[in-house]
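Q: Below is the structure I would like to discuss, written out as structure tokens.
Numbering (UniProt numbering), first residue to last: 1 to 153.
This is the structure in structure tokens:
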């Protein structure tokens, strides 16, 4: 299976709240307080998800969480894109501060691949297209990607 963009169900929200908390992330990196995510890119078959941390006032923070094996990988990502969303874009992510728990360190290459796959799916996402909202995002309209690259620094 592959990553898909979807709204986070109430049941998944409860599980996510138990797994990812501000108190749990704060000691690992300077991360400002964040609001609960409304949607994610998830691969249910592999049990992996990705979501962006959003600030209390909905500004985008440069941090993402990749959940894998009941643990969280945190990283910052600077996104640059060119083109028009209606026609298609060229997208580049520069990944910094990749924080992998020691127990997952042997899987570093796999984690990098999962980050690339999940970010690409997230880049396709148009949650507010055609009347989509935070609670009911549009999961069918997609941004065309002409080129996509991720660089780990």
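Where is the CB? At the ideal position from N, CA and C, for every residue including glycine.
#1: Pull up the DSSP beta-bridge partners for residue 80, would you.
#2: Output the distance between the C-alpha atoms of residue 106 and residue 45, rounded to the nearest integer angstrom.
#3: Go ahead and label residue 69 buried or exposed: buried means 16 or more other beta carbons lie within 10 angstroms of its beta carbon, across all protein chains shown.
#4: Could you please give the first and the last residue of the uninterrupted alpha helix (DSSP H) stretch that includes residue 9?
#5: Opposite residue 47 in the DSSP bridges: which residues?
#6: Looking only at its own chain, which residues have a Cβ that is under 7 Å from the Cβ of residue 112, when we skip the five neighbours before and after it?
#7: Throw me the rounded Cβ distance for the residue 124 and residue 95 pair, which I believe falls under 8 Å.
#8: Would you give the residue range spanned by the alpha helix (DSSP H) that residue 100 belongs to?
#9: Are residue 66 and residue 118 closer than 8 Å when you measure CB to CB?
#10: For residue 130, write down the residues that DSSP places opposite it in a beta bridge.
#11: Nearest CA to the CA of residue 50: which residue from 99, 5 and 18?
#12: So, at 8 Å on beta carbons, what are the nonlocal neighbours of residue 128 in its own chain, with the 5 sequence-adjacent residues on each side left out?
#13: Quick one: residues in its chain with C-beta nearer than 6 Å to the C-beta of residue 193, no 5 flanking neighbours on either side, listed in chain order?
#14: Less than 8 Å between the beta carbons of residue 75 and residue 120, yes or no?
#15: Could you spell out the range, first to last residue, of the alpha helix (DSSP H) harbouring residue 149?
A: Working from what's here:
#1: Mapped onto the chain shown, residue 80 falls at position 80. Answer is 92.
#2: If you number the chain shown from 1, residue 106 lands on position 106. If you number the chain shown from 1, residue 45 lands on position 45. The alpha-carbon atoms of residue 106 and residue 45 are separated by roughly 21 Å.
#3: Within the chain shown, numbered from 1, the residue matching residue 69 stands at position 69. It is exposed - the Cβ of residue 69 has fewer than 16 other Cβ atoms within 10 Å.
#4: Mapped onto the chain shown, residue 9 falls at position 9. It is not in any alpha helix (DSSP H) - residue 9 carries neither H nor E in the DSSP assignment.
#5: Taking the chain shown and counting its residues from 1, the one referred to as residue 47 is at position 47. Residue pairing by DSSP places residue 47 in no beta bridge whatsoever.
#6: By 1-based counting over the chain shown, the position of residue 112 is 112. Excluding residues up to 5 positions away in sequence, 152 lie with their Cβ nearer than 7 Å to the Cβ of residue 112 in the same chain.
#7: On the chain shown, position 124 is the one that residue 124 refers to. On the chain shown, position 95 is the one that residue 95 refers to. With a beta-carbon spacing of about 18 Å, residue 124 and residue 95 fall beyond the 8 Å limit used to define contacts.
#8: Reading the chain shown from its first residue, position 100 is the one you call residue 100. No alpha helix (DSSP H) contains residue 100, which DSSP labels as neither H nor E.
#9: One-based indexing of the chain shown puts residue 66 at position 66. One-based indexing of the chain shown puts residue 118 at position 118. Yes. Within cutoff.
#10: Position 130 of the chain shown, counting from 1, holds the residue named residue 130. According to DSSP, residue 130 bridges with nothing at all.
#11: For the purposes of this step, residue 50 is identified with residue 50 of the chain shown, where counting begins at 1. Distances from the CA of residue 50 to each of 99, 5 and 18 were compared; the closest alpha carbon is that of 5.
#12: As a position in the chain shown, residue 128 is number 128, starting the count at 1. Excluding positions up to five away in sequence, the list reads 137 and 138.
#13: There is simply no residue 193 to check, as the chain begins at 1 and stops at 153 in what is shown.
#14: By one-based count along the chain shown, residue 75 stands at place 75. By one-based count along the chain shown, residue 120 stands at place 120. Cβ distance not < 8 Å, so residue 75 and residue 120 don't count as in contact.
#15: The residue labelled residue 149 in the question sits at position 149 within the chain shown. Taken as a continuous stretch (DSSP letters only), residue 149 belongs to no alpha helix (DSSP H), being part of the beta strand (DSSP E) at 145 to 152.
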